[in-house]
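Each residue of the sequence shown is one higher than the last, beginning at 1 in the UniProt record's numbering. Every residue, glycine too, gets a C-beta built ideally from N, C-alpha and C.
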Amino acid sequence: MTSLNPSSPQQEPLLSIHSDSLTEILKQMGISLVVSTYQAGKLIVVRSEQNYVNTHFKMFPKPMGIAVKNNRMALGVKSSIWELHNNPSAASHLEPQGKHDGCFVPRNVHFTGDIDIHEMAWCAQELWFVNTRFSCLCTLEKEYSFVPRWKPPFITAYDLRDRCHLNGLGIRDEKPRYVTALGETDQPNGWRGNKANGGILIDIETNQILLRGLSMPHSPRWYDHRLWLLESGHGGLCYLDNNSGKLITIAKLPGFTRGLDFYGNLAFVGLSQIRESAVFAGLPLTQTLEQRICGVWVVDIRNGNILAFLKFEEAVQEIFAVSVLPNMVFPDVIDADLEFIGMNYVLPDEAINQTEMPSSDWQFAETYFAKGNQLYTQGKLQEAIASFEKCLELDSSYLPARFNLGVILGNLGQYSQAIEQLEQVIQAEARHAEAYNSLGFIYSQQRQLDRAITYYRQAINVAPKFAQAHYNLGMTLLQLGEYQEGWKEYEWRLQTPQFMAFDPPQCRWQGEDISDKNLLVHTEQGVKEIIQFIRYLPLAAEKCQKLILVVPANLIPLLEKVEGIALIYTAQDIPLKSFDPYISLMSLPHIFSTTLDNIPHQVPYLTVPREGKEQLLTFIANQKKPKSVKVGLVWTVNNVCRLEDFLPILQLPHITFYSLEMGDCSQEIKTLPPDIQVIDLSPHLPDYGNLAVAINQLDLVISVDSPVAHLAGALNQKVWTVLPYNSDWRWLLDRNDSPWYPSMELFRQPQPQDLHSVFTIMSVDILTVLRYAKER
Numbered sequence: 001m002t003s004l005n006p007s008s009p010q011q012e013p014l015l016s017i018h019s020d021s022l023t024e025i026l027k028q029m030g031i032s033l034v035v036s037t038y039q040a041g042k043l044i045v046v047r048s049e050q051n052y053v054n055t056h057f058k059m060f061p062k063p064m065g066i067a068v069k070n071n072r073m074a075l076g077v078k079s080s081i082w083e084l085h086n087n088p089s090a091a092s093h094l095e096p097q098g099k100h101d102g103c104f105v106p107r108n109v110h111f112t113g114d115i116d117i118h119e120m121a122w123c124a125q126e127l128w129f130v131n132t133r134f135s136c137l138c139t140l141e142k143e144y145s146f147v148p149r150w151k152p153p154f155i156t157a158y159d160l161r162d163r164c165h166l167n168g169l170g171i172r173d174e175k176p177r178y179v180t181a182l183g184e185t186d187q188p189n190g191w192r193g194n195k196a197n198g199g200i201l202i203d204i205e206t207n208q209i210l211l212r213g214l215s216m217p218h219s220p221r222w223y224d225h226r227l228w229l230l231e232s233g234h235g236g237l238c239y240l241d242n243n244s245g246k247l248i249t250i251a252k253l254p255g256f257t258r259g260l261d262f263y264g265n266l267a268f269v270g271l272s273q274i275r276e277s278a279v280f281a282g283l284p285l286t287q288t289l290e291q292r293i294c295g296v297w298v299v300d301i302r303n304g305n306i307l308a309f310l311k312f313e314e315a316v317q318e319i320f321a322v323s324v325l326p327n328m329v330f331p332d333v334i335d336a337d338l339e340f341i342g343m344n345y346v347l348p349d350e351a352i353n354q355t356e357m358p359s360s361d362w363q364f365a366e367t368y369f370a371k372g373n374q375l376y377t378q379g380k381l382q383e384a385i386a387s388f389e390k391c392l393e394l395d396s397s398y399l400p401a402r403f404n405l406g407v408i409l410g411n412l413g414q415y416s417q418a419i420e421q422l423e424q425v426i427q428a429e430a431r432h433a434e435a436y437n438s439l440g441f442i443y444s445q446q447r448q449l450d451r452a453i454t455y456y457r458q459a460i461n462v463a464p465k466f467a468q469a470h471y472n473l474g475m476t477l478l479q480l481g482e483y484q485e486g487w488k489e490y491e492w493r494l495q496t497p498q499f500m501a502f503d504p505p506q507c508r509w510q511g512e513d514i515s516d517k518n519l520l521v522h523t524e525q526g527v528k529e530i531i532q533f534i535r536y537l538p539l540a541a542e543k544c545q546k547l548i549l550v551v552p553a554n555l556i557p558l559l560e561k562v563e564g565i566a567l568i569y570t571a572q573d574i575p576l577k578s579f580d581p582y583i584s585l586m587s588l589p590h591i592f593s594t595t596l597d598n599i600p601h602q603v604p605y606l607t608v609p610r611e612g613k614e615q616l617l618t619f620i621a622n623q624k625k626p627k628s629v630k631v632g633l634v635w636t637v638n639n640v641c642r643l644e645d646f647l648p649i650l651q652l653p654h655i656t657f658y659s660l661e662m663g664d665c666s667q668e669i670k671t672l673p674p675d676i677q678v679i680d681l682s683p684h685l686p687d688y689g690n691l692a693v694a695i696n697q698l699d700l701v702i703s704v705d706s707p708v709a710h711l712a713g714a715l716n717q718k719v720w721t722v723l724p725y726n727s728d729w730r731w732l733l734d735r736n737d738s739p740w741y742p743s744m745e746l747f748r749q750p751q752p753q754d755l756h757s758v759f760t761i762m763s764v765d766i767l768t769v770l771r772y773a774k775e776r
């Protein structure tokens, strides 16, 4: 369980949908699947349960290659290979009891170093794997990190700079036989220059290159007397025709194909959306398929028909490996659950016969700790508290349980109890950095920022490279207006797990002279952050030869005319050779040494699109009541308030209210009293360009802390922003104005959950707006 992280981006939900046919396939064949997604840091167990597919997510650091054979599983993670064995007796102890028919428990971990482990396979009893950074195939020996066994004939030396991006491994007759690579190159990172069609397929036995000109090939497999592979850049499931030597595509799938296994006449193919990264720029798939899907597709290899699918949504965007678990319908995989592992034993039969089991009423603290962790991951916080308290009742010195109890109490806002537990952790273990960090968060939530800073600094003193504590310290300093140190500490966010790295081969800009270079600025976090910090682009453009911006597609109509931008792309379309250094948009305040006195606050710094907006303008004008002011509302973001909380304002006369929510909120609008009308603009707001047009037509915007509030401020439109008692760092403390947006007024809750005071004050202040409108 992790410690509490103040104001850090929330983990996106892990959601999936599937076809009914997938449930039937898994049931009828008596199989399940394991799927790795290094982007989300999860191993997913896919299994049938009653009439639906159950997707069970297990945490591993950057899981990639999977190799399954009999009752053994190997999993390649960030810098190690885990070997797990199926332990049927352990399955009987999983909840609910009697349901699981397999349980893979870790037995060995071999540390390889960070070698970018890709595909793996068991050859007889030996594990082979692709060492991508060193451009070779390897096996393991206890004395070494890895043992190189083969490299492509054009690779002249082992080099950790990834010369050809070796990625796929295929077995034939219990021997490594086929590999794929993204380029026939012997230069460090040389494969990046022609990744769209520079891929190759190699026969290991003969060192012959069987195919060239492939678009990001992956997952070679010998199955049913054919050599199969995925041409990922085209989204294709293919096989090599034995007679013609040509690659035949039997199925085109709606995503970047990577990860392949077979069972019977079926192929189970992993699909990825292709995340916003320069690595995937310029692929044919990005040109031909605008909407790409992440999931597992089931294809009949006899005719190429798609029989079933599992589609992941939200947080899971990339799949690496897919493996079938035969003869297991409802298995589980144990991750770094040391408590569960510590309570399971595998012994020789001779030893088991001499083992005495404790009585059934004997209670172990470890049992309740493991149960508490399981309940926590299921969101059952009160039950988890009870389990941790029982654990501590049995063993009051069990610090992990006390720490986790403190974390949950903090999550529930029971701050005094949380502090009590975490202080006891520190008394017992003075160098418990996570406890100091969690205490810092709890005090920050109570707006005791000086005490929070003290605890964050103590966490960093114990663990100087504790990125989350640095990041939390940065946000707290920024909230206090201490920008010089705050921006420096805020840079540590890029090293925390919740931030996905933008990782091209070029160097990150650190503020050095780049007057003769093209600078790429990429976005991170959300739309609010993009709108707030896009103001720095004119300053950055003065430092470089040409500035290139990378943003989500729905923001391009709004941002394409920002001063200083020479070129604007979505991440999938970046030409890798078009830029030199790069930087995150939110690192620019640090580069330019921003203080409260020199924030770039010239507004408006965004331009309202005009072309093709006549229908929206007409609709807004026609809905306006005679002699009324036009007020836009936003309420759904971050659960700060509900639409009904606006009633003191909605009941006022001479105001036409418009909803600026971009999602469907019609049902909530219908719950208002019949004499109150709010015009729903969501059908007219497909992107932020249209939203800017709507905001520009209004007299006032009232919004929670949302992209709309930031956009209104960037357009210099009058905006009132409703803030919780403990607001985000960017709004500082106890101010009713913002140094970032001159046209914005802040309405803060004087106490937690006190929205009544906020809207009472607003209902009085809005009379000034009405008087001003009448005088115009």
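**Prompt:** When DSSP labels each residue in this structure, what does M120 get in the three-state scheme?
**Reply:** Translated into positions along the sequence shown, residue 120 becomes position 120. Reduced to three states, the DSSP call for M120 is strand.
**Prompt:** For T721, which beta-bridge partners are listed by DSSP?
**Reply:** As a first step, residue 721 is located in the sequence shown; it is residue number 721 there, counting from the start. Beta-bridge pairing links T721 to S703 and L746.
**Request:** Could you say which of L480, D645 and E661 lies nearest to V637 if we only look at CA atoms?
**Result:** The sequence position of residue 637 within the sequence shown is 637, counting from 1. Ranking the options by Cα distance to V637, first place goes to E661.
**Message:** So, for V462: in the same chain, excluding its five sequence neighbours on each side, which residues have a beta-carbon less than 7 Å away from its beta-carbon?
**Reply:** Residue numbering aside, residue 462 sits at position 462 when the sequence shown is read from its first letter. The residues are R431, A433 and Y436.
**Request:** Within the same chain, show all residues whose beta-carbon is closer than 7 Å to that of E560, passing over the 5 residues directly before and after it, in chain order.
**Result:** Locating residue 560 in the sequence shown gives position 560, where the first residue counts as 1. So the list reads I568, once near-sequence residues are dropped.
**Request:** From the DSSP output, in three-state form, read off I599 for me.
**Result:** Residue numbering aside, residue 599 sits at position 599 when the sequence shown is read from its first letter. I599: coil per DSSP, three-state reduction.
**Message:** Between which two residues does the beta strand (DSSP E) holding Q545 run?
**Reply:** By one-based count along the sequence shown, residue 545 stands at place 545. Its beta strand (DSSP E) spans residues C544 to V550.
**Message:** Once DSSP output is grouped into helix, strand and coil, what is the label at Q448?
**Reply:** Working through the sequence shown from its first residue, we reach residue 448 at position 448. Coil.
**Request:** Within the stretch 597 to 636, note down every full beta strand (DSSP E) run reaching 3 residues or more, in order along the chain.
**Result:** 629 to 634
**Prompt:** How do the stretch 541 to 558 and the stretch 513 to 521 stand: do at least 3 beta-carbon pairs fall below 8 Å, yes or no?
**Reply:** yes
**Asked** What are the boundary residues of the alpha helix (DSSP H) that G486 is part of?
**Response** In the sequence shown, the residue the question calls residue 486 occupies position 486. Taken as a continuous stretch (DSSP letters only), the alpha helix (DSSP H) holding G486 covers Y483 to Y490.
**Supposed close pair K718, D699 - CB separation, criterion 8 Å** = For the purposes of this step, residue 718 is identified with residue 718 of the sequence shown, where counting begins at 1. For the purposes of this step, residue 699 is identified with residue 699 of the sequence shown, where counting begins at 1. Right, the Cβ-Cβ distance comes to about 7 Å (below 8 Å), so this counts as a contact.
**Within 8 Å, strictly: CB atoms of L537 and E563** = If you number the sequence shown from 1, residue 537 lands on position 537. If you number the sequence shown from 1, residue 563 lands on position 563. Yes, they are a contact pair.
**Message:** If you follow the beta strand (DSSP E) that N411 is in, where does it begin and where does it stop?
**Reply:** For the purposes of this step, residue 411 is taken as residue 411 along the sequence shown, with counting starting at 1. That residue, N411, is in no beta strand (DSSP E); its alpha helix (DSSP H) goes L399 to N411.
**Item:** Sub-8 Å separation of F388 and K99 beta-carbons
**Value:** As a working note, residue 388 is residue 388 in the sequence shown. As a working note, residue 99 is residue 99 in the sequence shown. Cβ atoms of F388 and K99: not closer than 8 Å.
**Asked** Exposed or buried, R192, counting other C-beta atoms within 10 Å across all chains shown (16 or more means buried)?
**Response** Taking the first residue of the sequence shown as 1, we reach residue 192 at position 192. Classification for R192: buried.
**Message:** Going by C-alpha to C-alpha distance, which of Y415, E429, I655 and Q378 sits closest to Y398?
**Reply:** As a working note, residue 398 is residue 398 in the sequence shown. Checked all of Y415, E429, I655 and Q378; the closest Cα to Y398 is E429.
**Prompt:** Count the other CB atoms within 10 Å of the CB of L412; is the residue buried (16 or more) or exposed (fewer)?
**Reply:** On the sequence shown, position 412 is the one that residue 412 refers to. Exposed is the call here.
**Message:** Quick check: the Cα distance between E276 and I408, rounded to an integer number of angstroms?
**Reply:** Reading the sequence shown from its first residue, position 276 is the one you call residue 276. Reading the sequence shown from its first residue, position 408 is the one you call residue 408. Reliability fails at E276, whose pLDDT of 46 lies under 50, so the model's placement of it is uncertain and no value is given.
**Item:** For R133, the three-state DSSP class (helix, strand or coil)
**Value:** Along the sequence shown, read from residue 1 onward, the residue named residue 133 stands at position 133. Reduced to three states, the DSSP call for R133 is coil.
**Request:** Could you tell me the boundaries of the beta strand (DSSP E) in which D114 lies?
**Result:** By 1-based counting over the sequence shown, the position of residue 114 is 114. Per DSSP, D114 belongs to no beta strand (DSSP E) and is neither H nor E.
**Pairwise C-alpha distance: V105 and E201** = Taking the first residue of the sequence shown as 1, we reach residue 201 at position 201. Taking the first residue of the sequence shown as 1, we reach residue 105 at position 105. Per the sequence presented here, residue 201 reads as Leu, with Glu not at that position. Straight-line Cα distance between these residues: approximately 35 Å.
**Prompt:** Taking the runs of the beta strand (DSSP E) that are 3 residues or longer, which of them lie wholly in the UniProt repeat "TPR" (365 to 398)?
**Reply:** none
**Message:** Quick check on the DSSP output: the beta strand (DSSP E) that includes Q293 runs from which residue to which?
**Reply:** Along the sequence shown, one-based indexing puts residue 293 at 293. As written in the sequence, residue 293 is Ile, which differs from the Gln given in the question. Taken as a continuous stretch (DSSP letters only), I293 belongs to no beta strand (DSSP E), as it is neither H nor E.
**Request:** Measure the beta-carbon distance from S527 to P707 and round it to whole angstroms, keeping in mind my assumption that it falls under 8 Å.
**Result:** Position 527 of the sequence shown, counted from the start, is the residue given in the question as residue 527. Position 707 of the sequence shown, counted from the start, is the residue given in the question as residue 707. Note that residue 527 is Val in the sequence shown here, rather than Ser. With a Cβ gap of about 4 Å, V527 and P707 count as contacting.
**Asked** Span of the alpha helix (DSSP H) holding I679?
**Response** Your numbering for residue 679 matches position 679 in the sequence shown. From DSSP, I679 is part of no alpha helix (DSSP H) but of the beta strand (DSSP E) over V678 to D680.
**Asked** In angstroms, rounded to a whole number, what distance separates the CA positions of L240 and L230?
**Response** Position 240 of the sequence shown, counted from the start, is the residue given in the question as residue 240. Position 230 of the sequence shown, counted from the start, is the residue given in the question as residue 230. The straight-line gap from Cα to Cα measures roughly 11 Å.
**Request:** Kindly indicate the opening and closing residues of the beta strand (DSSP E) around T671.
**Result:** As a position in the sequence shown, residue 671 is number 671, starting the count at 1. Careful: T671 lies outside any beta strand (DSSP E) and carries neither H nor E.
**Request:** With distances taken Cα to Cα, identify the nearest neighbour of A418 among Q446, E393 and R177.
**Result:** Sequence index remark: in the sequence shown, residue 418 carries index 418 (1-based). Nearest C-alpha to A418: Q446.
**Nonlocal neighbours in the same chain, by C-beta distance under 6 Å from I453, ignoring five residues either side** = Here residue 453 corresponds to residue number 453 of the sequence shown, with the count starting at 1. Contacts found: T476.
**Request:** Can you have a look at A196 and say buried or exposed, based on whether 16 or more other CB atoms are within 10 angstroms of its CB?
**Result:** Taking the first residue of the sequence shown as 1, we reach residue 196 at position 196. Result: buried.
**Item:** A709 versus I679 - alpha carbon distance
**Value:** By 1-based counting over the sequence shown, the position of residue 709 is 709. By 1-based counting over the sequence shown, the position of residue 679 is 679. Near 18 Å, if we compare the C-alpha coordinates of I679 and A709.
**Asked** Which class does H522 belong to by DSSP, given the choice of helix, strand or coil?
**Response** For the purposes of this step, residue 522 is taken as the residue at position 522 of the sequence shown. Strand at H522.
**Prompt:** How far does the beta strand (DSSP E) with Y178 in it reach, from first residue to last?
**Reply:** By 1-based counting over the sequence shown, the position of residue 178 is 178. Start and end: K175 to A181.
**Prompt:** Which residue from G410, M586, F403 and E423 puts its Cα closest to that of W492?
**Reply:** Position 492 of the sequence shown, counted from the start, is the residue given in the question as residue 492. If we check each option's Cα against that of W492, M586 comes out closest.
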